[in-house]
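Chains L and B, in that order, give the protein sequences. For the first sequence, numbering that gives the first Met the number 0 gives the first residue as 0, with consecutive numbering after it. For the second sequence, numbering that gives the first Met the number 0 gives the first residue as 0, with consecutive numbering after it. The C-beta atom is built at its ideal place from N, Cα and C for all residues, glycine as well. Treat the numbers as computed from the prediction; the structure is a model and nothing was measured. Accompanying notes for the structure given below.
2 protein chains.
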Amino acid sequence: MFGYMGKILRVDLTNGTITEESLKEEDCKMFLGGSGLATKYLFDEVPKGTDPLGPDNELIFMTGPLTGTESPSAGRYCVVTKSPLTGFWGEANSGGSWGVYLKNSGFDGVIFSGISSKPVYLAIDDGKAELRDAAHLWGKGVSETDRLIKEELGEDCNVATIGIAGENLVRYAAIINDVHRAAGRCGVGMVMGAKRLKAVAARGTQEIKIANNDVFSEISKRNYDLVNESMMKITFETYGTAMVADLVNVRGGFPTRNWQTGVYPDVDKISGITLESTLLVDRKHCYACPISCARVSVVKSGPYACKGEGPEFETVGAFGAMCALESLEAITLAHNLCDDYGLDVVSTGSTIAFAMECYEKGILTSADTDGLELRFGDADVVIQLIHKIARREGIGDLLAEGTKRMAARLDKGAEAFAMHVKGLELPAYDPRAAKICGLAFATANRGGDHITAYIEGPSFIDIPFLCVEDSRIEDSMVENPAEAKVVKDLEDALTVFDCVGTCKFMGMAMATEDWVDMLANCLGWEFTVGDFRQAGERVYNLARAFNVREGLTRADDALPRRLLEEPLPEGPAEGHKVEKLDQMLDAYYEFRGWDKKTGKPMPEKLRELGLDYVVDKI
Amino acid sequence: MFGYMGKILRVDLTNGTITEESLKEEDCKMFLGGSGLATKYLFDEVPKGTDPLGPDNELIFMTGPLTGTESPSAGRYCVVTKSPLTGFWGEANSGGSWGVYLKNSGFDGVIFSGISSKPVYLAIDDGKAELRDAAHLWGKGVSETDRLIKEELGEDCNVATIGIAGENLVRYAAIINDVHRAAGRCGVGMVMGAKRLKAVAARGTQEIKIANNDVFSEISKRNYDLVNESMMKITFETYGTAMVADLVNVRGGFPTRNWQTGVYPDVDKISGITLESTLLVDRKHCYACPISCARVSVVKSGPYACKGEGPEFETVGAFGAMCALESLEAITLAHNLCDDYGLDVVSTGSTIAFAMECYEKGILTSADTDGLELRFGDADVVIQLIHKIARREGIGDLLAEGTKRMAARLDKGAEAFAMHVKGLELPAYDPRAAKICGLAFATANRGGDHITAYIEGPSFIDIPFLCVEDSRIEDSMVENPAEAKVVKDLEDALTVFDCVGTCKFMGMAMATEDWVDMLANCLGWEFTVGDFRQAGERVYNLARAFNVREGLTRADDALPRRLLEEPLPEGPAEGHKVEKLDQMLDAYYEFRGWDKKTGKPMPEKLRELGLDYVVDKI
């Protein structure tokens, strides 16, 4: 099979068995690979009501047909599981080059089930795999684990691992590869910790076969060059994603002090532009990516001294504006601690910000917080809380549960400002300043997320997407139900990127037709623009069906009360709140072919997408 | 009148009289100001068949209602005249701050007519104006003239002047203000030289009245902030416009060796990115502009040693790729020589490139060229030719006539590769690599020009325009007649920017609605999006009517034969040429309401635009 290695590994951690299994070509044609194929396995194999931390949950690592090819930015893999944070379909996605190493080891993916009795890690070496003891790795941070595994297996392997946050079952623990690239969201690292699986290391020299290599290579190179000369590349390479902080703040939608306002007065101290002239020492890129948005940073001395990567936009959002830190050095340390502990920066920073507002309002007091004063702006407190969360120590044990569960436990009105959707903490874009983003947060399958539709691109930061017919948002301050179609189109199109193994930034830069040509020539299939769009819609609906089977209803496609009830108090979006979520949802369900009452995909829609077998299951 | 000073100066150079004249509010409402108002004067006062160099031609300097306000990048003025290069409506536009000084001196514009018997310059000082002797300035370069006038009038004035190219009647001489900002195109500097007008200096402290200053200021500041945080700003500030060279070259449309190919192998040596890391010492911005795209550069030593500004994209296009120079130092010197001589860089570089191909093909020989070998890539020859052109010395006398007249004089088949439209040399975007640009070159009122529609933004470099309803180009390699509407819409909308006194880059960054609100609150008018669009269309049609009256027909909306007959020989656009110009023109005339046979605006269209009085005149 062109583009694929043709087989996956199944690892039953309960009894330690490893088997190989061929990919079904029919499934590949329907779900492409990556997130799509993984969702198919999850839907078929993880029954309704499965405990996310129990043996029946699966943790699925999957690459796509483009992963490891010369297609631009095709270095990605995804992890799909039932999320312990949301209770729904969970997915996290990462770059770097681990996915490429897995593929070169001879496998398109690995499905873990069961629970190991003791810590283990999986070593895959050029077509062979074994579970190895991880007792000596347990309790170790990400960089140390990476180092130790490379000592054992050789420098030429690549390691995806949890830090101690995953071991300690922090609900938003991440899986980290290449020491600093995070499959961050939905608590995939917690599931890995619960399975007592410390890491997956891969290496190999297997070749990925391309159907029409000359044409594929020509399209790849041409588009690499195009992206390489684009303004997006130049900007992100120069200043990193953290420069987006300025773009979002200037519109008054940069969530500050746990979303109490959308204007962060100290944004200039923490933006990518400041980073570039202060802590930045180098830039890095993921496999085959022209952009190089990754930062290598050093804080030379002082209380926040560290050396590592980041911060990215979501770090300066979550720790900077949300917690009101003005020290870029502290934010950089926070980022690196999250990487080494294996924590999702968005959920970590957001949960701390939420705790700070609870403290401000007297819902939490020093009696609850090990004596810490959880005041906005206190960088030392933020750093201490990260340590405590990763270790589930003292107040960290409560914060490790995430915003939704914290709010439920604390009660006392905390739910009113608990900023999550479906249990997933929100990224640093306030929909009160770009309304359509609210719909996207509400509908994303994995919970409050920006990357599912990335409607923030066209609405917040004026980057259109070339991978859909029309991504324009006329006036981002107006809620226009007709624009729900853009959310749907982007959700579907960007799902394809998670399936084929490519960074979604490429969806901004390359036209659909080029993607279609590239996939057709990689895979040796007849493949049309219609196939491209339908594949995305099919996978999106299957993930939705998984959620519906788990009990999701229209009521879960919701937004935090603050966004609906509290107008922004200042700035360009002053006085604005999200007001038409219901009308937007109606329009969205209509475009989707979903029942407006229940939010369920209609049988006709599922059949149209070739998902007949799903109809009876939801 | 809000936004205006309310009066203009009329200077009759023949008899040395200066009179003041009130603006007619009715004309302002119809034509807004700047290029629009100037075109109205030109159409009404310069009769058919007027000799561009004769006393009946007018040279009109005009600001717009936003010029000098705090609206983003509102520092522009324009010069309108009958062009000696094209014989049609001529316009050139410049930034810096001269327009602001003129307005603060108490006048919205100055109309020069007649011819002075001896060199003079106009000094405007806070409401008063006088013609002063310029004998001591004649023969001086731009920077020296600027210095000498400031010695006389004081440092707090601003000078727009010609260099010796204008004095020597080089057909593409420019007018330069702020020493380095050029009203470059159409030979406006030649008209100024023919009038023996060396310079216009202005200063003053008159206040521009704004109707609703609080609202105007709020919209201005908000949009300034938005642009200030945009990717466009960050990119252009960091690397200058010369970075576009990479973007155009990667699409195979960077005209090289007089448009013999669209791929310039040495682009990396001359791009804005290289400039930034080599010669750049500072950045500058025009009045009230957040972008700072201007470059301050120094070549420290060697044969090309110089200190000044630039180079811009069109300089690296015209002198770099078109003449095949790989020395950024030589290109920088060429740019600074053009500034000081007062030459349009596009026409200068293009005409030299044309001469080089004539030499390559034996149409010019060393016997014609004062012994110079006009070989592509020879930087020393290019520098020598610039000196010769400005002085009309030897072969420079022929080159000073521009490509069209050179081709006619040389004959011998040179017309086949004479790259101009209506006599105006083309900018550095090859329409064979982005087809819609060909239509825009063909239709632009001032001749082969990119800035009239700036369709290169959406088609070549992926920058959409927010100031039109829809600026998308689906596939820039396909000629789609339906997209002629985008050209029309952009021509109309961007004409408004030339009328109100704002840089067209702002049309990429701010929505129409904000412009409309800003204008309404500046002017105290009811002003709608419809008014905005119609004003642009009205001015565009009036300039067209001027051209029609001068004898323009559909046959003048043409492209150089090379673009229609010679496919690009290599690169991403290999094999492509412009093939459907006729169909594109048909569609364009249809959208415009112009007669498809003659290209004349139909009476109904003129009446719809309130130009009833024009109907009988064309």
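Specify the secondary structure class of residue i as computed by DSSP and reduced to three states.
| i | result |
| --- | --- |
| H419 (chain L) | strand |
| E19 (chain B) | strand |
| A89 (chain B) | Strictly speaking, residue 89 (chain B) in this sequence is Gly, with Ala absent from that position. G89 (chain B) falls in the strand class under three-state DSSP. |
| W514 (chain L) | helix |
| T277 (chain B) | coil |
| S112 (chain L) | strand |
| D132 (chain B) | strand |
| R9 (chain B) | strand |
| D124 (chain L) | strand |
| V577 (chain L) | coil |
| N211 (chain L) | coil |
| V380 (chain B) | helix |
| G33 (chain B) | helix |
| V477 (chain L) | coil |
| T552 (chain L) | coil |
| H449 (chain L) | coil |
| P71 (chain L) | coil |
| G95 (chain B) | coil |
| A164 (chain L) | helix |
| T494 (chain B) | helix |
| M509 (chain L) | coil |
Across which residues does DSSP place residue i in a beta bridge pair?
| i | result |
| --- | --- |
| M61 (chain L) | L:C77, L:G108 |
| Y100 (chain L) | Per DSSP, none; premise fails for Y100 (chain L). |
| T255 (chain L) | L:T260 |
| V158 (chain L) | L:A200 |
| P600 (chain L) | L:W593 |
| I462 (chain L) | BP columns for I462 (chain L) are empty, so no partner. |
| I174 (chain B) | B:A182 |
| V119 (chain L) | L:D132, L:L196 |
| E424 (chain L) | L:H419 |
| L342 (chain L) | L:A172 |
Is the distance from the Cβ of residue i to the Cβ of residue j below 8 Å?
| i | j | result |
| --- | --- | --- |
| M507 (chain L) | I233 (chain B) | no |
| L197 (chain B) | L136 (chain B) | Inspection of the sequence shows that residue 197 (chain B) is occupied by Lys rather than by Leu. Going by C-beta atoms, K197 (chain B) is nearer than 8 Å to L136 (chain B). |
| A439 (chain B) | V477 (chain B) | no |
| S229 (chain B) | D429 (chain L) | no |
| S72 (chain B) | A287 (chain B) | yes |
| M4 (chain B) | D107 (chain B) | yes |
| V381 (chain B) | T331 (chain B) | no |
| A244 (chain L) | V345 (chain L) | no |
| Y539 (chain B) | T494 (chain B) | yes |
| I388 (chain B) | T347 (chain B) | yes |
| L608 (chain L) | F42 (chain L) | no |
| H386 (chain L) | G307 (chain L) | no |
| S181 (chain L) | D338 (chain L) | Reading off the sequence, residue 181 (chain L) comes out as Ala, not Ser. Yes, the Cβ-Cβ distance between A181 (chain L) and D338 (chain L) is below 8 Å. |
For residue i and chain C, any beta-carbon pair shorter than 8 Å?
| i | result |
| --- | --- |
| D516 (chain L) | The structure shown contains no chain C; the protein chains it does contain are L and B. |
Practice problem: May I have a chain-ordered list of the beta strand (DSSP E) segments no shorter than 3 residues that lie completely inside the stretch 281 to 312 of chain B? | Solution: With a minimum length of 3 residues, the continuous beta strand (DSSP E) runs that stay inside the stretch 281 to 312 of chain B are 293 to 298, 305 to 308.
Quiz item: Can we say the stretch 196 to 208 of chain B touches the stretch 105 to 125 of chain B, given the rule of at least three CB pairs closer than 8 Å?
Solution: Yes, the stretch 196 to 208 of chain B is in contact with the stretch 105 to 125 of chain B.
Quiz item: Is it true that the stretch 592 to 604 of chain L meets the stretch 517 to 527 of chain L, where meeting means three or more beta-carbon pairs spaced less than 8 Å apart?
Solution: With the cut-off at 8 Å, the stretch 592 to 604 of chain L and the stretch 517 to 527 of chain L do not touch.
Quiz item: Pairing CB atoms from the stretch 414 to 434 of chain B with CB atoms from the stretch 250 to 263 of chain B, are three or more of them under 8 Å?
Solution: Contact between the stretch 414 to 434 of chain B and the stretch 250 to 263 of chain B is present: three or more C-beta pairs spanning the two stretches fall below 8 Å.
Quiz item: With contact counted as at least three CB pairs below 8 Å, one residue from each stretch, are the stretch 151 to 166 of chain L and the stretch 187 to 196 of chain L in contact?
Solution: Flag = yes, the stretch 151 to 166 of chain L and the stretch 187 to 196 of chain L touch.
Practice problem: Answer yes if the stretch 319 to 326 of chain L comes into contact with the stretch 272 to 292 of chain L, meaning at least three C-beta pairs across the two stretches below 8 Å, and no otherwise. | Solution: They do not touch, by the three-pair rule.
Quiz item: Should the stretch 49 to 66 of chain L be regarded as contacting the stretch 503 to 521 of chain L, the criterion being three or more beta carbon pairs within less than 8 Å?
Solution: Taking 8 Å as the limit for Cβ pairs, the verdict is that the stretch 503 to 521 of chain L does touch the stretch 49 to 66 of chain L.
Quiz item: On the three-pair Cβ rule with 8 Å, is the stretch 29 to 44 of chain B touching the stretch 76 to 91 of chain B?
Solution: A contact is defined here as three or more CB-CB pairs under 8 Å, and the stretch 29 to 44 of chain B meets this definition with respect to the stretch 76 to 91 of chain B.
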